[in-house]
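Novice:
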Amino acid sequence: MAIKHKYFEDQLDDEEMLLLFRKHPVVMRKQLIIASVLLLLGTLPSFVRPEYSYFFGGLGVGLLLASVVMFYAWMGWYFSVYALTDKRLIQVKQKGFFHRSLVDISNEQISMINYDISGLQETLLGYGTMTVQTYVGELVIKDVHHPKKIQKAITTKLREHGFLSSSQPFVSGDDSNEAENE
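Residue numbers (this note's numbering): 46 to 227.
(1) Taking the alpha-carbon positions, what's the V189 to E96 distance?
(2) Where does I162 fall in DSSP's three states?
(3) I'd like the list of long-range same chain contacts for R67, defined as Cβ closer than 8 Å, with 5 residues on each side in sequence excluded.
(4) Mind the definition here: the stretch 69-86 touches the stretch 141-151 only if three or more C-beta pairs lie below 8 Å; say whether that holds.
(5) Which term fits T130, buried or exposed, when burial requires 16 or more other beta carbons within 10 angstroms of its beta carbon?
(6) Does the stretch 104-120 come into contact with the stretch 56-65, if we say contact requires no fewer than three beta-carbon pairs (one atom in each stretch) closer than 8 Å?
(7) Near T179, what residues of its chain come up, given a Cβ to Cβ distance below 8 Å and the 5 sequence neighbours on each side ignored?
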């Protein structure tokens, strides 16, 4: 038996990876603003004493602090993934350096997948919210990069593997509200 490639740490030996996706990088916007402010604050010592050594020294400290803030944000974004395998949908969330959580939903439990793109910022930057409805509740995934493509890919993969029937309506975006009203 050939050893399959493991795409993430919690992948089981007998599962096949179908789709792997992340949130949109826009989730790091707050940390980007904080890093920019730290960089600017690093130049403040040069206003007290206008010398090159104070300017570049303060700028170096500001750059170091900004780098730490951005690395922390990048780690949370990069190591937080959503994986669809032939057996389950997995949400791995990394919060900081030492906190990781996992949500595991069996593919048999998934009944519907919807997405919502609302507002100018979400439309222009191409991100939105996906809702995975199961028989026991729902999983809301905010700030998904290209939610229409991801929703279509997940639905297609689940139908190919026999978890969603083709007779179920293909509901996506805001069309779900219109279908309910008719």
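Where a beta carbon is used, it is the ideal one built from N, C-alpha and C, also for glycine.
Specialist: Taking the geometry as given:
(1) 46 Å
(2) coil
(3) W122, Y123, S125, V126, Y127 and H190
(4) no
(5) buried
(6) no
(7) I150, Q154, I155 and S156
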